[in-house]
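Undergrad: What follows is a single structure, and I will ask about it in a moment.
There are 2 protein chains.
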Amino acid sequence: MATIYDVASHAGVSPKTVSRVLNGDAPVSKKTRDAVTAAMDALGYVPSHAARSMKSHKSGLIGLITGAISNTDETATQTGLPELFIVQGAQAVIERSRKTLLISDTGGRLDRVPDLVRTFQEHRVEGILYVADYHKPLELTLPGKGIPKVLVNCFDDQGTPAIVPDDEGGQYALTKAVLAQGHRDVAYLTLAPTQEATKLRLKGFKGALSEAGIPLDPRLVQAADLFGSPGEHQLIWDALDRFFAGAKRPTAICCGNDRLAMAVYGILRRRGISVPEDVSVVGYDDHRLISETLYPALTTAELPYSAMGVRAAQTLLDLLEDGATQPSAPIRIGGQVQHRASLIAPRAEDTDNVINLKGRNEI
Amino acid sequence: MATIYDVASHAGVSPKTVSRVLNGDAPVSKKTRDAVTAAMDALGYVPSHAARSMKSHKSGLIGLITGAISNTDETATQTGLPELFIVQGAQAVIERSRKTLLISDTGGRLDRVPDLVRTFQEHRVEGILYVADYHKPLELTLPGKGIPKVLVNCFDDQGTPAIVPDDEGGQYALTKAVLAQGHRDVAYLTLAPTQEATKLRLKGFKGALSEAGIPLDPRLVQAADLFGSPGEHQLIWDALDRFFAGAKRPTAICCGNDRLAMAVYGILRRRGISVPEDVSVVGYDDHRLISETLYPALTTAELPYSAMGVRAAQTLLDLLEDGATQPSAPIRIGGQVQHRASLIAPRAEDTDNVINLKGRNEI
DNA sequence: CGGTGTCATGACATCGGTGTCATAGAGATG
DNA sequence: CATCTCTATGACACCGATGTCATGACACCG
Chain A
1 MATIYDVASH
11 AGVSPKTVSR
21 VLNGDAPVSK
31 KTRDAVTAAM
41 DALGYVPSHA
51 ARSMKSHKSG
61 LIGLITGAIS
71 NTDETATQTG
81 LPELFIVQGA
91 QAVIERSRKT
101 LLISDTGGRL
111 DRVPDLVRTF
121 QEHRVEGILY
131 VADYHKPLEL
141 TLPGKGIPKV
151 LVNCFDDQGT
161 PAIVPDDEGG
171 QYALTKAVLA
181 QGHRDVAYLT
191 LAPTQEATKL
201 RLKGFKGALS
211 EAGIPLDPRL
221 VQAADLFGSP
231 GEHQLIWDAL
241 DRFFAGAKRP
251 TAICCGNDRL
261 AMAVYGILRR
271 RGISVPEDVS
281 VVGYDDHRLI
291 SETLYPALTT
301 AELPYSAMGV
311 RAAQTLLDLL
321 EDGATQPSAP
331 IRIGGQVQHR
341 ASLIAPRAED
351 TDNVINLKGR
361 NEI
Chain B
1001 MATIYDVASH
1011 AGVSPKTVSR
1021 VLNGDAPVSK
1031 KTRDAVTAAM
1041 DALGYVPSHA
1051 ARSMKSHKSG
1061 LIGLITGAIS
1071 NTDETATQTG
1081 LPELFIVQGA
1091 QAVIERSRKT
1101 LLISDTGGRL
1111 DRVPDLVRTF
1121 QEHRVEGILY
1131 VADYHKPLEL
1141 TLPGKGIPKV
1151 LVNCFDDQGT
1161 PAIVPDDEGG
1171 QYALTKAVLA
1181 QGHRDVAYLT
1191 LAPTQEATKL
1201 RLKGFKGALS
1211 EAGIPLDPRL
1221 VQAADLFGSP
1231 GEHQLIWDAL
1241 DRFFAGAKRP
1251 TAICCGNDRL
1261 AMAVYGILRR
1271 RGISVPEDVS
1281 VVGYDDHRLI
1291 SETLYPALTT
1301 AELPYSAMGV
1311 RAAQTLLDLL
1321 EDGATQPSAP
1331 IRIGGQVQHR
1341 ASLIAPRAED
1351 TDNVINLKGR
1361 NEI
């Protein structure tokens, strides 16, 4: 590979002059510049990042740690939308700022994080983005003291800058959209109750109900997420059994994510219940591969992963410019409700019922 | 950040001795080694990759170009399985060889490839993996003359090493599995006819049919892929209309990918046809988010993206060791047929029919 | 006891750029 | 024409590692 010295002698100038042409940081006569440029082309010269960053003490690298890239089939916790979309958003921003993203993954094994950070340190990354596979508290202490960091989809209690989805607000808005269609008996098939998202979304769900003056029927809230493992279909059957066991059958079902909604579609069909005529179904994530392809297309709340990635990268870049930072609460990113064919108004008899209720409540 | 000089003076030895401790390439007395190690710990020393690679002329970096990471929502050509899984496989292998993967993405725009390669060259990557989003001919000439490259999911006519899926073999095996259940009237809802995968799989489909002595009914082969765009559901309706228009209705439907199968499930339900009792459905890709979650779970052929990534990385590493390489044909990677609930034997009357036919053919 | 080999260590140059400072000319000015 | 600015360029050191070669301290040998 050609060096700046090769270019210099080829063009009959000093290496420093070549450097000046490269960086445009000092006047160079047009004649010299042309000669240098021609030499660079002729030799196929590309400057060495290593030499540059060594002198400048700036690597121009941002490290990103994720589990997405090698969620091995074994550990595959396909909770919802792949973190990949977060990486997308971050990549776009980082690249625009003329830095390079160094992506590493844990392969699903947290104990590999120190190694990855070590590699980042060898490369002298200027900052680190740590991306979790779903909204959760940070499960470890990140090494790499002194390197600015931004957490994405997770948060710690040290005040490290963190970007998380607004689960409560998203479920609230989605539930409002369901109620706006006239539904009053709304079931909620949640993800695992231990998950951060479940707790927050349940809050949003309850908030929307109570605001509409609808008491929460505990029978209509069931958990049914096994991360896609074999027993899950059975779990959903059972949950639906409970939903439809009572006198007042739900006219709409909220699902913990689009993946659950996909399973619910199939199971409802098997039970002779059609979507959306008999019961409306909504998901969460707006995993478009699912939500747009399902028939009927799925109404869902956007999990704004791409926007979160963008925001995280911006936050990190700001942090790199400003230097110090004070602890702050996680930044919550909101998403849109995507209204599609799976959500319609309940049948007339139910609607009447609802209108009566409504009347009663409001008078 | 501490340097080797800091460590040296802290330990009271020369920088070169610190280097020896780091690399273990020359004898160092235990006492000295302990002092150096202690100094490194005390200072939090991490060697500089830049300085090392400058001296050694080896970057230890492998570049990977993909479109996966920022398939913007606009261009989102969600044809099947995300290339992500290819990246996974490659990452695992590269990491095991103590190299670092530098991942860049085109953001769906091919014209950015030269920039990315340029960045790779600045970092002096030792090799490049180019990953296409679906099986296709390479659409551009890759810059970066002299850098060993391996194509994944695509191929050129220059004999560049390439790793592609065995689409023909996969569809052949899958179709055989369908026929083995006793189906004789099998429809095929293909992806866009221009796609490499469509051509190859159709070959496999036809091969399996003809081997079973079943003539191909052209009416039972329809294309219906719009990459998930809005008009697609209608397209599938129409294709299914044609399938069920004739006297002999298909008892099984092969779909171009799992995503199409997901849409087909919904549309069949709407038409009052149950899966798998009335008609069996199979997909392609084994996109487990879909195939395992759909109810009933989907029989499908594995698109071995992870294995392809592994093979590609290995091929590249071999190439780096051996040096020169002679042009070769693309390496085809086969996948397994995943038998799940969506494929069962056709109803008795059809089976009788089949048995008759079979009898006729065999006698 | 001098010669020789081994072990442990250090001095110094080098990789490919860039920052600092010096300097040769070309014009401008008085 | 001497002096003063600029402009354009080069010499040289340095960033943080490591390869090469040299050397001091012993131990061993005859």
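For the protein sequence lines, the chains are A and B, in the order given. Heads up: the first sequence is residues 1 to 363, going by this note's numbering. Heads up: the second sequence is residues 1001 to 1363, going by this note's numbering. Backbone N, C-alpha and C fix where the C-beta goes; we use that ideal spot for every residue, glycine too.
1. Note down the Cα distance separating L1116 of chain B from K99 of chain A, rounded to an integer number of angstroms.
2. Hey, does T75 of chain A have any beta-carbon neighbour from chain B nearer than 8 Å?
3. Could you give the distance in angstroms between the alpha-carbon of V354 of chain A and the alpha-carbon of R1242 of chain B?
4. Of all Cβ atoms in chain B, is any one closer than 8 Å to the Cβ of H339 of chain A?
5. For the alpha helix (DSSP H) containing G1423 of chain B, list its first residue and its last residue.
6. So which residues on chain A does P1296 of chain B lean against when the C-beta distance must stay under 9 Å?
7. Under 7 Å between beta-carbons, which chain B residues line up against Q121 of chain A? List them in chain order, please.
8. Measure the beta-carbon distance from L1191 of chain B to N1257 of chain B and round it to whole angstroms, keeping in mind my assumption that it falls under 8 Å.
9. Can you list, in chain order, the stretches of the beta strand (DSSP E) that have 3 or more residues and sit fully within the stretch 164 to 230 of chain A?
10. Any C-beta of chain A sitting closer than 8 Å to the C-beta of M1001 of chain B?
11. Who are the near neighbours of A1208 of chain B in its chain, counting only those whose CB is closer than 6 Å to its CB and skipping five residues on each side?
12. Can you tell me which of the three DSSP states N1353 of chain B falls into?
13. Would you identify the three-state DSSP class for V1087 of chain B, choosing helix, strand or coil?
14. Could you name the residues of the stretch 306 to 328 of chain A whose beta carbon sits closer than 9 Å to any beta carbon of chain B, in the order they occur along the chain?
15. Please name the residues in the stretch 192 to 221 of chain A whose beta-carbon is closer than 9 Å to at least one beta-carbon of chain B, in chain order.
16. For chain B, find out if any of its Cβ atoms is closer than 8 Å to the Cβ of L100 of chain A; answer yes or no.
17. Given A11 of chain A, which residues of its chain have a CB within under 6 Å of its CB, disregarding the five upstream and five downstream residues?
18. Secondary structure at G127 of chain A, three-state DSSP: helix, strand or coil?
19. Determine which residues share a DSSP beta bridge with F155 of chain A and list them.
20. Whose C-beta lies closer than 8 Å to the C-beta of Q326 of chain A among residues of the same chain, with five residues either side of it excluded?
21. Grouping DSSP H, G and I as helix and E and B as strand, with all else coil, what is V1282 of chain B?
22. L320 of chain A lies in the alpha helix (DSSP H); which residues open and close that run?
23. Could you spell out where the beta strand (DSSP E) holding R109 of chain A opens and where it closes?
24. Put S104 of chain A into one of helix, strand or coil per three-state DSSP.
25. By Cβ distance, which residues of its chain are closer than 6 Å to V150 of chain A, with the 5 residues on each side in sequence left out?
26. Give a yes or no on whether 8 Å exceeds the smallest Cβ distance from M54 of chain A to chain B.
27. How many angstroms separate the CA atom of V1125 of chain B from the CA atom of Y305 of chain A?
28. Helix, strand or coil for Q1338 of chain B? Go by DSSP, reduced to three states.
29. Can you tell me which residues form a DSSP beta bridge with R332 of chain A?
30. When the Cβ atoms of the stretch 42 to 56 of chain A are set against those of the stretch 1041 to 1054 of chain B, are three or more pairs found closer than 8 Å?
31. May I ask which residues mark the beginning and end of the alpha helix (DSSP H) holding A1245 of chain B?
32. Taking the continuous alpha helix (DSSP H) assigned at A1039 of chain B, which residues delimit it?
TA: Inspection of the coordinates gives the following:
1. Rounded to whole angstroms, L1116 of chain B to K99 of chain A spans 12 Å at the Cα level.
2. Caution applies to T75 of chain A, whose pLDDT of 42 falls short of 50 and renders its modelled position unreliable; the value that the coordinates give is listed next. Residue-level contact check: T75 of chain A does not touch chain B, since none of the beta carbons of chain B fall below 8 Å from its beta carbon.
3. Since pLDDT at V354 of chain A reaches only 44, below the 50 mark, its modelled position is unreliable, and no value is offered.
4. Not one chain B Cβ lies under 8 Å of H339 of chain A.
5. The displayed coordinates of chain B run from 1001 to 1363. Any statement about residue 1423 of chain B would go beyond what the structure contains.
6. By Cβ distance, chain A contributes H233, G266, R270.
7. Residues of chain B passing the Cβ test: V1046.
8. About 6 Å separates the two Cβ atoms, so the contact holds.
9. Runs found: 186 to 190, 221 to 223.
10. Yes, M1001 of chain B counts as interfacial toward chain A.
11. Excluding residues within five positions, the ones whose Cβ falls inside 6 Å are Y1172, T1175, K1176.
12. Residue confidence for N1353 of chain B is low, a pLDDT of 48 falling below 50, so the modelled location carries little weight; the figure read from the coordinates is stated next. In this structure, N1353 of chain B counts as helix in the three-state DSSP scheme.
13. Correct three-state label for V1087 of chain B: helix.
14. So the close ones are S306.
15. Of all residues in the stretch 192 to 221 of chain A, none is placed with a Cβ closer than 9 Å to any Cβ belonging to chain B.
16. The question names Leu, yet the displayed sequence has Thr at residue 100 of chain A. Look at T100 of chain A: its C-beta is under 8 Å from a C-beta on chain B.
17. Excluding residues up to 5 positions away in sequence, A35, V36, A39 lie with their Cβ nearer than 6 Å to the Cβ of A11 of chain A in the same chain.
18. In the displayed model, G127 of chain A falls within a strand according to three-state DSSP.
19. DSSP output for F155 of chain A lists A:P137 as bridge partner(s).
20. Close CB contacts of Q326 of chain A within its chain, under the 8 Å cut and outside five residues either way in sequence, are with G159 (chain order).
21. DSSP places V1282 of chain B in strand when its eight states are reduced to three.
22. Per DSSP, L320 of chain A belongs to the alpha helix (DSSP H) from 305 to 322.
23. Counting along the chain, R109 of chain A sits inside no beta strand (DSSP E), nor does DSSP assign it H or E at all.
24. DSSP places S104 of chain A in strand when its eight states are reduced to three.
25. Within the same chain, Cβ atoms closer than 6 Å to the Cβ of V150 of chain A are found at L129, P161, A312, T315, L316, the five residues on either side in sequence being excluded.
26. Yes, because at least one Cβ of chain B sits closer than 8 Å to the Cβ of M54 of chain A.
27. When the Cα atoms are used, V1125 of chain B and Y305 of chain A turn out to be separated by approximately 30 Å.
28. Taken through DSSP and simplified to helix, strand or coil, Q1338 of chain B comes out as strand.
29. For R332 of chain A, which the question treats as bridged, DSSP gives the partners A:V164.
30. Verdict: yes, contact present.
31. Note, A1245 of chain B: alpha helix (DSSP H), 1232 to 1245.
32. Start and end: 1030 to 1043.
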